[in-house]
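A.B. asks: Below you will find the structure I want to go over with you.
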Amino acid sequence: MHEEFTPEDIIRYAYREVTEEEKNRIETALPHRPDLRQMLEDIEALEGGMNAIKIEPHPTSVKIIIEESHDSSLHISNS
Amino acid sequence: MHNHIIPDHKLVESYLEGNEIALEMLVKRYKQKVMTAISMLVYDRYLAEDIFQETFIKVIHSLRGGKYQHEGKFLPWVMRIARNLSIDHIRRNKKMPTITDSEGNDISTFIRTDDLNMEDRMVRDQTHGHLYDLISRLPEEQREVLILRHYGDLSFKEIADITGCSINTALGRMRYAILNLRKMLVTVTK
Numbered sequence: 001m002h003e004e005f006t007p008e009d010i011i012r013y014a015y016r017e018v019t020e021e022e023k024n025r026i027e028t029a030l031p032h033r034p035d036l037r038q039m040l041e042d043i044e045a046l047e048g049g050m051n052a053i054k055i056e057p058h059p060t061s062v063k064i065i066i067e068e069s070h071d072s073s074l075h076i077s078n079s
Numbered sequence: 080m081h082n083h084i085i086p087d088h089k090l091v092e093s094y095l096e097g098n099e100i101a102l103e104m105l106v107k108r109y110k111q112k113v114m115t116a117i118s119m120l121v122y123d124r125y126l127a128e129d130i131f132q133e134t135f136i137k138v139i140h141s142l143r144g145g146k147y148q149h150e151g152k153f154l155p156w157v158m159r160i161a162r163n164l165s166i167d168h169i170r171r172n173k174k175m176p177t178i179t180d181s182e183g184n185d186i187s188t189f190i191r192t193d194d195l196n197m198e199d200r201m202v203r204d205q206t207h208g209h210l211y212d213l214i215s216r217l218p219e220e221q222r223e224v225l226i227l228r229h230y231g232d233l234s235f236k237e238i239a240d241i242t243g244c245s246i247n248t249a250l251g252r253m254r255y256a257i258l259n260l261r262k263m264l265v266t267v268t269k
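Residue numbers (my numbering), protein chains in the order written: chain A, 1 to 79; chain B, 80 to 269.
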């Protein structure tokens with residue numbers, strides 16, 4: 001008889017939000033639960049895909065932020 | 080796991096001591112993650128640029144105003160600000176009255192449409208375009224959990240706190256986001 005785990009447990013496991021004890025129990029159950037393994041594979045594939053999505057801000061946006069920081073620093077030192 | 084040579088909290092301390100370069104390093108360290116997250120929350124390149132700027136300007140003022148409490152979590156803090164500003168913009172846009180022409184057509188659909196499509200296409204082509212498109216089709220609540228967990232490094236508990244739901248609801252939304260994406264992928268590849 002294997003312990004019951006939910007897809008939400010596997011999500012917490014995949015995102016390293018389980019205790020060491022839960023982790024060991026889930027790893028013992030995984031070889032016997034193809035549905036949970038499928039969920040884990042989906043999460044890993046999704047993580048890989050999302051890591052590949054890279055959107056850079058326009059350099060002007062970064063420049064505006066740095067200038068704002070500089071201006072607010074001058075404001076503080078003058079007050 | 081972040082493995083930066085100078086930890087975030089050291090850069091924050093250095094910035095508050097007057098080292099402007101420290102802020103520049105923090106912006107450069109996280110600009111891509113923050114911009115990607117905002118872009119995927121609002122799906123509008125121009126609006127995402129504005130929110131990106133607003134986010135870091137708010138970060139600067141909060142740091143200088145002593146409103147940042149170090150708990151080793153600079154990125155999740157920035158992402159919370161970005162998320163709140165994104166949601167504000169989305170809600171404000173939903174409340175905006177529609178301006179119609181003499182024939183009753185919504186004129187906002189004619190404004191910058193070509194430009195936006197081109198920009199969005201560029202974003203899609205430069206990135207992992209297919210998944211980017213599929214995530215845009217998820218319900219807002221599911222998309223939000225997915226983005227905050229992945230790019231913002233927020234725990235499900237933190238996501239639950241800022242979105243005003245229980246941790247089980249946040250986990251459930253994540254589960255359905257994964258299931259829906261799988262279904263969409265199966266449909267697309269058929």
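All C-beta atoms in this analysis are idealised placements derived from N, C-alpha and C, irrespective of residue type, glycine included.
Remember, predicted model here, so these are calculated numbers, not experimental data.
How about the region 39-55 of chain A and the region 250-266 of chain B: do they share at least three Cβ pairs that are nearer than 8 Å?
C.D. replies: yes
A.B. asks: Taking its Cβ as the centre, do 16 or more other Cβ atoms sit within 10 Å of I84(B), making it buried, or is it exposed?
C.D. replies: exposed
A.B. asks: Is Y255(B) near the ligand ATP, in the sense that its beta carbon is under 7 Å from a heavy atom of that ligand?
C.D. replies: Questions concerning the ligand ATP fall outside what the structure shown contains, since it holds no ligand whatsoever.
A.B. asks: Expressed to the nearest angstrom, what Euclidean distance is found between the alpha-carbon atoms of T6(A) and T242(B)?
C.D. replies: Rounded to the nearest whole angstrom, the CA to CA distance from T6(A) to T242(B) is 23 Å.
A.B. asks: Where does D123(B) land, buried or exposed, given buried means 16+ other C-beta within 10 angstroms?
C.D. replies: Buried, by the Cβ-count rule.
A.B. asks: Just to confirm my understanding: we take L233(B), look at its own chain, exclude 5 residues before and 5 after, and list those with CB closer than 8 Å. What are they?
C.D. replies: Excluding five sequence positions before and after L233(B), the CB atoms of its chain that fall closer than 8 Å to its own CB belong to P155, M158, R159, L227, I241, given in chain order.
A.B. asks: Measuring CA to CA, which of N98(B), I214(B), K152(B), G145(B) is closest to E237(B)?
C.D. replies: K152(B)
A.B. asks: Quick check on E20(A) - is its C-beta less than 8 Å from some C-beta in chain B?
C.D. replies: Not closer than 8 Å to any Cβ of chain B, the Cβ of E20(A) fails to qualify, so no.
A.B. asks: Strictly below 7 Å CB to CB, what residues from chain A border R261(B)?
C.D. replies: D42
A.B. asks: Of all the CB atoms in chain A, is at least one closer than 8 Å to the CB of T192(B)?
C.D. replies: Because the pLDDT at T192(B) is just 38, under 50, the model does not fix this residue reliably, and the point stays unresolved.
A.B. asks: Starting from R228(B), follow the alpha helix (DSSP H) in both directions and report where the run begins and ends.
C.D. replies: 219-229
A.B. asks: When you compare the region 53-64 of chain A with the region 108-116 of chain B, are there three or more beta-carbon pairs, one atom per stretch, that lie closer than 8 Å?
C.D. replies: A contact exists between the region 53-64 of chain A and the region 108-116 of chain B.
A.B. asks: Measure the alpha-carbon distance for G251(B) versus G208(B) and round it to whole angstroms.
C.D. replies: 26 Å
A.B. asks: From I66(A) to L142(B), what distance separates their C-alpha atoms?
C.D. replies: 14 Å
A.B. asks: Could you work out which residues of chain A lie near I139(B), taking near to mean beta carbons separated by less than 8 Å?
C.D. replies: Correct list: I65, E68, S69, S72.
A.B. asks: If we call anything under 8 Å between Cβ atoms a contact, is R109(B) one with A101(B)?
C.D. replies: The sequence as given places Tyr at residue 109(B); Arg does not occur at that position. No, the pair does not count as a contact, with Cβ atoms beyond the cut-off.
A.B. asks: Mind checking Y13(A): buried by the 16 CB within 10 Å criterion, or exposed?
C.D. replies: buried
A.B. asks: Just the chain A side, please: which residues come within less than 7 Å of I136(B) by C-beta, in chain order?
C.D. replies: I65, E68
A.B. asks: Indicate the three-state DSSP secondary structure (helix, strand or coil) for E21(A) in the structure shown.
C.D. replies: DSSP places E21(A) in helix when its eight states are reduced to three.
A.B. asks: Confirm, please, whether the CB-CB distance from F131(B) to S61(A) is below 8 Å.
C.D. replies: yes
A.B. asks: For Q221(B) and chain A, any beta-carbon pair shorter than 8 Å?
C.D. replies: no
A.B. asks: Tell me the residue span of the alpha helix (DSSP H) that contains L213(B).
C.D. replies: 208-215
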